[in-house]
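Residue numbers (this note's numbering): 574 to 708.
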């Protein structure tokens, strides 16, 4: 099953994990659900607008204040459409420096779904806005 997902993992002694399926974000902007993914049983959120696309946005609840590592599960089409699904993630109004969707780690150019490591965010407890920004 293929899903675009965000994972915020607390790095402190009191472990906490926040898991978000991008398809569940309430404000999709110019992102749409696509059912054309091969070997996927569910719809997948994609953005096909090329000029100034609106981000997909939603709020997540951070269970405790702390330092969180962003992990993103994304798909790269390395064999026939490399780099066509690149995007950035914003957490709490701050854009992560990493460009997701090209699988730069651990295997550059890997085809299919993979977890990609993003940056570290200091987050307060409570609601925090996350956004997917197509590049």
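Note that beta-carbon positions come from the ideal geometry of N, C-alpha and C, so glycine has one too.
This one's a predicted model, so the numbers in the text were calculated from it and none came from an experiment.
Consult DSSP for residue i and reduce its assignment to one of helix, strand or coil.
i           : result
residue 695 : strand
residue 687 : strand
residue 597 : helix
residue 649 : strand
residue 639 : strand
Could you say which of the options lies nearest to residue i if we only look at CA atoms?
i           : options            : result
residue 700 : 623, 601, 595, 631 : 631
residue 624 : 604, 618, 642      : 604
residue 648 : 692, 670, 685, 592 : 685
What span of residues does the beta strand (DSSP E) with residue i cover, start to end?
i           : result
residue 669 : Per DSSP, residue 669 belongs to no beta strand (DSSP E) and is neither H nor E.
residue 593 : 590-594
residue 631 : 629-635
residue 606 : 604-607
How close, in whole Å, do the beta carbons of residue i and residue j come, if the pair is a contact with beta carbons under 8 Å?
i           : j           : result
residue 635 : residue 698 : 5 Å
residue 663 : residue 704 : 4 Å
Take residue i and list the residues in its own chain whose beta-carbon comes closer than 7 Å to its own, dropping the five residues that flank it on each side.
i           : result
residue 582 : 590, 641, 642, 644
residue 665 : 694, 696, 701, 702
Tell me which same chain residues have a C-beta within less than 8 Å of the C-beta of residue i, skipping the five on either side of it?
i           : result
residue 678 : A caution first: residue 678 carries a pLDDT of 49, below 50, which makes its placement in the model unreliable, though a value can still be read off. 689, 690.
For the ligand GTP, I want to know if residue i counts as a neighbour, meaning its beta carbon is within less than 7 Å of at least one of the ligand's heavy atoms.
i           : result
residue 701 : Absence of the ligand GTP from the depicted structure is noted, as is the absence of any ligand whatsoever, leaving it without description.
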